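Encoded as structure tokens, the structure appears first; notes follow it.
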Amino acid sequence: MSQTQQQDETKDEALGFFDKPNNVKWILWVFYALCIVLVALDFVVHRHIYLDYEKIPTFYALYGFLACVLLVVAAKWLRLLIMRDEQYYDKNEEEKPFENEGSN
Amino acid sequence: MWIANLPPFIPFFIGALLLPFLPNKARYFTLLIPILGGLNLFFGAQDGNWHVIKLLEFDVQIMRVDKLSLMFGYLFHIAAFIAITYSLHVKDKLQQTAGLLYAGSALGAVFCGDLIGLFIFWELLALTSVWLIWARRTEKANKAGVRYLIFQVLSGVLLLAGTLVHYQTTGSLAFDFIGLESVASWLIFIALGTKCAFPFLHSWLTDGYPEATPTGAVFLSAFTTKVAVFALARTFPGTELLVYIGAAMTCFPIFYAVIENDLRKVLAYSLINQLGFMVCGIGIGTALALNGAVAHAFNDVIFKGLLFMTMGAVLHRVGHVMGSDLGGLHKTMPKTTIFCIVGAASISAFPLFSGFVSKSMVMAAMIEAGHEYLWLMLLFASAGVFHHAGIKIPFFAFFAHDSGLRPKEAPTNMLFAMFFASALCIFIGTYPDLMYSLLPWENTYQPYDITHTLTQLQLLFFSALAFVWLNKMGLYPPELRSVNIDMEYLYRKMLPEIGRSTRKATSAFGTSGRLMFTKMVSYAPRMSKTSSYSTAQTAKRMAAILAIMLLLGYVTKMI
Amino acid sequence: MIEQQLSILLVVLPLLAAPIIAVINRSSIAWAMTLSVTVCCLIMSVWMLSGVVDGSVIHYELGGWAPPWGIEYRIDTLNGLVALIVCGIAAATALYAKRSVEQEIPKHQIPMFYCAFLLCFLGLLGICLTGDIFNLFVFLEVSSLSSYALIAMGRNRKALTASFHYLVLGTLGATFFLIGVGLAYGATGTLNMADLSVRLPQAVDTHLVNTAFALIVVGVALKAAIYPLHLWLPNAYSFAPSVVSIFLSATATKVAIYVLIRCLFHVYSVEYVTNTLLPQLLIVMGGVAVLYGSMRAIGQTGMRKMLAYSSVAQIGYMIMGIGFLTEAGLTASLIHLFNHALMKAALFMAAGLFIYRANTATFENIKGLGREMPWTFAAMVIAALSLIGVPGTVGFVSKWQLLQAALEENHWPMVVIILVGSLLAIIYVWKLIEVLYFQPREKMRVTGVASGSENIGRSPISMAVTLWILALSCIYFGINTELSMDTAKSAVEILFAADGGQR
Amino acid sequence: MSTSTLMIIAMLLPLFGALVISRLNKAPNIREVITIITSASLLGIVIAIFNQLSQGNVERIVLAEPFNGIAIAFSIESLGMMFALVASSLWLVTSIYAIGYMRAHHEKHQTRFYALFAIAIAAVMAICFADNLFTLFLFYEVLTLSTYPLVTHSGDEKAKKSGRIYLGVLMGSSIGLFLLGVLLVWHFTGSLEFTDGGIVDGKIPAYWIAPVYALFILGIGKAAVMPMHKWLPAAMVAPTPVSALLHAVAVVKAGVFAILKVTLLIFGPDTIVESGANHWLIWLPMLTILLASLVAMTKDNLKERLAYSTISQLSYIVLGAMLANSMGLLGGTLHIAMHAFGKISLFFAAGAILVTLHKTKISELSGMGRKMPFTFTVFLIGTLSIIGLPPFGGMWSKWYLALGTIDFTGPDFTRWALLGTLMLSSLLNIAYLAVIPVKAFFGKIELGQEIKAKEAPLPCLVGMAIPAIICLILFFYPEPFYSLARAATLSL
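Spelled out as structure tokens, the structure:
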């Protein structure tokens, strides 16, 4: 492992490109613009339609957006169910060193 | 100058056997093995069944060449080249040796012609790869390695059982289409499925890969699962069940990936997700689908390898890959950052990147096969992939909030390997015909049309938009140090608990048993007492016996 | 025929030698004479046995009187075999005796000791050879009386009481036997055994016959130490001088068993015995004896007492075999008679050697002795394995035969008991071996040994050699069973033959 | 030389060696040379017998006939030949190893050790060549007794206790059950000859076959089928070469060898199958395989864990015998050789660890593999062969055993359970055996445990290397064991 973990020397450096909020904002605007363009194109370009859902205008955009929101929300709920602390599996092994681990 | 039909695993094994005895610098020469081996395969191999060796009463075919095996043969040589390049700086010869053996075993499995050979190389895959985990040399890695090995051997013994039952019922050991009919085929199916990380059998992957060494994970991500995909393509193409399994595989891991903190574990989940696409393709079983599956396997090796390499570089420099504690690394590791983004774009199937040209084949085949709902699932998964692998990995590792870490750029050999992989990703993405020409089945697919490009871009951009929006709203789940319960729970928690309580019970039982025995013994008459007999007693006994005898004598007479 | 002369010579020789020893009264000569007499007897008995093993019978009429009236010596395979056992053991004991006797018996008593020994030998031999039941009683008394004297010579004071008890009980048993003989005589008017066997079935007064039978059996049972009449045996054997316990343990009870067999199968007939409930009784008593004897043996803390209780168990095997009333069963009994004599003699010899070194043979005193006396220990282990019934030793041969007999009759409980008995034997044998080999050696006690005697440090060659001869014969006869097996079989055939061996 | 002469020499040579060795207490070097020479020449003679056998020269020697129709007789057939080859070749290896071990470990009574060792080998040879059940039984007991002093070699309280268990279980089972079984066979058939296809067919009533067979399975305590297994862990107090040769190879294999012989040549597989005796009896070895593995996991003492592993592996062979079909028997027979080479590697490695590190506990071995890479490599190879992974010989026996389970004629449930057991056992093997070298190679060296790096003495290393290499060779070239096993089970 290299020893470059210098925690407190950041102030010496010049601020990077992404450190400036304006830059980030600018990038995001470009991104939003592209999104709009893509939606607009949906109405311009003739898509091949294989399935019924695809007839919905901007189906892919909507689906992508909703899918991700759904995914994240579901994952958050999932966390409640399955999240444990990092030492979860190693806890009991301290009592009896080197036994039964991975026994299938 | 080429050796015709040389089984490709041989140079790897020879190299691996020599390496431990050569000086440290010799590891640079191992690079020649995949290069020369790959060229040899390209120029020297002809379709057909070449070498047969005899083990006991069985003829084991170790060089069976057809387009499918050649495709994977090339792929594994490329993967081996990348992985070896990536690991050149490592001075621990164990890893290189294991890596060579591992790659060789994968090649052996791909080119073997019957189930015995498959079994042998199947087990060798397990046996050689586990060192890449153990070589991490931490207590956690040791145990993870053992668990990994158990799972791999489980797959091996299932394959063995299936093979033997198959052999016993059909008399055939051919490594060809088997189809899901008998118990034997089910056993083989599950065996392949285990290595292919089917749901509920996947935990070895997410458990083991994150514990591997930085370079080890690159090797691991390339071979084991792809051999399984290859074997499935050989034995179970067109098996309906695989479509459903594949669809499940694409979807469930992304939930885990979103909340997982260890970025290499995220990659491991995303590996399962990508495997899902391939499994779907095999399950559909049309030429397009199979081509898609194979092509996707080809690409996946490279871009997943690339992602593992970037994370490996971070791990190498920082010492961990916990999303919660990373961020802002782009400042000092810009090249790695770029490579990572290329990998992320590839895996998310951005147009012009390699994932796009193969994933879309599977998707198209899915529609053709009429699995509408499953197609929707795959689409959902595609969006999800972008979400966790395409955005989450680069974002949390290299951007996000500045963690203050200022690691050095990755070593040159790593950069070169990453560059090579990135170049391949882009090359295949922009010029897919070369890869398409290698595909085993008839192929007329054309990835780049307007509809497809547009819809894919819409999907990806709006997924990204969702990410941005969720982040802005603060809804995005923060990275937390944690462990998420997965199938491992069964054998890491439940079984040991059961074992522990059983032991407690049996030992209690044993103790009480011993106590009871001691008690019984103490109640038993003491036999050691010296008898003080009396003559009278004996005389009495004599009289008694006499009386009895006389009585009996009379009685018997009377009767 | 010279064999005829042999039969009487066997009795006469010790009978003459005994008084001569007493008169000369020199210990070394006494020993030499004893040895030569017993060896001569051994040779003669082998000769004699070789003459009868084919089933022929030797008759010798004492004083030229014809059988029913005069005393007849009648030798068939059965008593030829038993006589061989007696002679063989006597010869081995005599070879062994010298140094042991020198140490254990006061010097002035040694000639008398050998005299008594020869008398005892004579008595036992006579019991074997005679064909007259009253004459048998006489020899029984000769052997008993001399053995009381021999036992009483033990160094331990308890030897006296043991001897006294034995005397009282032995006399009681002999009396029972005598009364039985008297009643039989009353019923038939003859004392010749062959004649008795012809006349008894025809006797009018069956009550008399039955009562005689019961009395004879009970009397002999006591002499044979059949459970539950074994009480005299452990003390008598464990307090007697080593040489005496060797000799008596290997012969006295065996001869009594012989008498039992002779009376049951010859004097009375198989048919008669079958009709009584005695066989069942014998089987049950045998089974109990095996278990009881073995259990008691496990509990003992002295080697000789342990061996004595083991004898009780082994006698159980023999009477079990008799109780089966089959050829196989009786063969097993006879083989075990022979085999047990070999191994028990060897074991008591080993005990004698330990006594020679450690003064007593209690476990307390012989701890760790096996390491110092590896040769003795090894021989003892061989004999002990034989006691367990490890294949390749004599013990296995008889046990195998007995098991087979039990199986033939479907006596499952007995099969189990025999096997359990073997397992119990493992326990007590290993207890002994562990004491001798694994217990740390403690300081040896030297009480009762004259100070300055230098022979404590080494085992005398003569004793060790005799022990080894017997130990090796335990293995030899375990592998080559020609002698024991064939003789026993032929003897049994005669007994079971339709004419009851009237040839 | 004729086969019978060779056989007699093979049995007497170790005895003669023992005699010479026992006289050489004062000259350890010569004594060891004699040991090596004896073992090497024994191997030569056994190979000569093998040549004779492959040319078809089979002769019968009758030593004595204690009972009518029951002789102490010797002859040679494939199964015995294979066992003889395994035992004699490993004796040579063990002798080499023992020199290094016994000296480095400063054991006492080395002369006695070598002499008794030779006697035990003589008994093993006699077992190999036994021509009938009686002879087998006879030398089975001789083997028990001659190894008893080796088990109690150290002579302390622990050794005494273990010796009790050793003898109690082995003698107890053999006299209480094995003998009864032999007797019943004799009682019903009037013969104890080893005959192709068995002798009991039609002579023992069908309902008797299962109980009598059970008597053999349990009575042959050396096969360590639960609940007759306790002696094996107890015997681990013996010096390591003893554990290695006797309790991984000679003694335990004598047990399973006896079971195979009884199955093949006394009962006859067909009879067993027809009677259905194995349908329920087969659960015994099956459960033994699993339970012993589970118990092994809880053992921290290295040799004890290996002992439980041996118990589990022995039941593979018993299982193969009980399957009573050609594949199962072939697998079981083959496993005699495969397991022998694998397990002896493990024991040698364990002994080397004991000698150099003075450690007996697995938990203390963390990181020690880096000190003793050679030893732990050998250990690993042994482990892999035992697990049955290619490219090691253990794979083939597992292969045929599994084929045998598929052919099993019993209830379907049992058949799948058997197959599952074999599979599961491989996994359990990893969990309790493979973890040891892993821990040693990659674990952290605990504080205060920094020991100067050194390997075991040279003879130990040489002795260890040979079986490990053979494990590897046996994968590619399992001859002659394969052809012998094949020939032994060909009659089916």
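Protein chains in written order, with our numbering: chain Y, 4 to 107; chain C, 3 to 561; chain P, 356 to 858; chain F, 227 to 718.
Glycine residues also receive a C-beta, built at the ideal position from the N, C-alpha and C atoms.
Bear in mind the structure is a predicted one, so any value in this text is a computation, not a measurement.
Secondary structure of residue i, DSSP reduced to three states
i	result
glutamine 63(C)	strand
aspartate 488(C)	coil
proline 292(F)	strand
arginine 87(Y)	strand
methionine 227(F)	coil
lysine 56(C)	strand
glutamate 837(P)	helix
histidine 695(P)	helix
isoleucine 235(F)	helix
threonine 334(C)	coil
isoleucine 375(P)	helix
alanine 313(F)	helix
Proximity winner among the options, relative to residue i (alpha-carbon distances)
i	options	result
threonine 99(C)	Glu490(C), Arg266(C), Met416(C), Gly17(C)	Gly17(C)
isoleucine 782(P)	Tyr521(P), Leu371(P), Met661(P), Leu527(P)	Met661(P)
asparagine 358(F)	Leu418(F), Pro663(F), Tyr433(F)	Leu418(F)
phenylalanine 414(F)	Leu405(F), Leu403(F), Gly423(F), Gly428(F)	Gly428(F)
isoleucine 263(F)	Asn294(F), Gln281(F), Ala310(F), Ser314(F)	Ser314(F)
histidine 332(C)	Phe421(C), Lys410(C), Val155(C)	Lys410(C)
glycine 407(F)	Pro240(F), Ala346(F), Phe360(F)	Phe360(F)
isoleucine 426(P)	Ser400(P), Ile384(P), Thr545(P), Ser501(P)	Thr545(P)
tyrosine 708(F)	Leu644(F), His561(F), Trp412(F)	His561(F)
threonine 389(P)	Trp424(P), Met467(P), Ala843(P), Asp409(P)	Met467(P)
leucine 459(C)	Val27(Y), Gly67(Y), Pro24(Y), Tyr56(Y)	Gly67(Y)
tryptophan 136(C)	Pro663(F), Thr715(F), Met649(F), Gln278(F)	Pro663(F)
CB-CB length for residue i against residue j, believed under 8 Å
i	j	result
glycine 641(P)	tyrosine 672(P)	7 Å
leucine 199(F)	threonine 559(F)	What is shown of chain F runs 227 to 718, which leaves residue 199(F) out entirely.
valine 610(P)	leucine 479(P)	5 Å
isoleucine 304(C)	alanine 383(C)	Contact doesn't hold; Cβ gap of about 20 Å is too wide.
leucine 472(C)	valine 75(Y)	6 Å
phenylalanine 335(P)	glycine 574(P)	Residue 335(P) lies beyond the range of chain P shown here (356 to 858); nothing can be said about it.
isoleucine 570(F)	valine 475(F)	6 Å
Discussion item. Suppose only complete runs of 3+ residues qualify. What are the beta strand (DSSP E) ranges in the region 425 to 477 of chain F, listed by chain order?
Written reply: Runs found: none.
Worksheet item: Are the region 698 to 706 of chain P and the region 816 to 831 of chain P touching, with three or more C-beta to C-beta distances below 8 Å?
Response: Judged by Cβ distances under 8 Å, the region 698 to 706 of chain P makes contact with the region 816 to 831 of chain P, as three or more pairs qualify.
Worksheet item: Touching or not, the region 393 to 409 of chain C and the region 59 to 72 of chain C, by the rule of three or more beta carbon pairs under 8 Å?
Response: Output reads no: the region 59 to 72 of chain C does not touch the region 393 to 409 of chain C.
Practice prompt. Scan the region 534 to 606 of chain F and note each continuous alpha helix (DSSP H) run of 4 residues or more that stays entirely inside, going in chain order.
Written response: Complete alpha helix (DSSP H) runs here, min 4: 552 to 583.
Worksheet item: Is there contact here, the region 446 to 458 of chain C with the region 350 to 369 of chain C, by at least three beta-carbon pairs under 8 Å?
Response: By the Cβ test, the region 446 to 458 of chain C is in contact with the region 350 to 369 of chain C, since at least three Cβ pairs between them sit closer than 8 Å.
Practice prompt. State whether the region 480 to 499 of chain C contacts the region 213 to 227 of chain C, with contact taken as three or more CB pairs (one from each stretch) at a distance under 8 Å.
Written response: Judged by Cβ distances under 8 Å, the region 480 to 499 of chain C makes no contact with the region 213 to 227 of chain C, as fewer than three pairs qualify.
Worksheet entry | Contact the region 304 to 317 of chain C vs the region 342 to 350 of chain C: 3+ CB pairs below 8 Å | Three or more beta-carbon pairs separated by less than 8 Å link the region 304 to 317 of chain C to the region 342 to 350 of chain C, which places the two stretches in contact.
Worksheet item: Quick one: any contact between the region 322 to 340 of chain F and the region 283 to 299 of chain F, if contact means 3 or more CB pairs under 8 Å?
Response: Segments in contact, no.
Worksheet item: Whole beta strand (DSSP E) runs in the region 460 to 492 of chain P with 3 or more residues, listed along the chain?
Response: Fully enclosed beta strand (DSSP E) runs of no fewer than 3 residues are not present anywhere in the region 460 to 492 of chain P.
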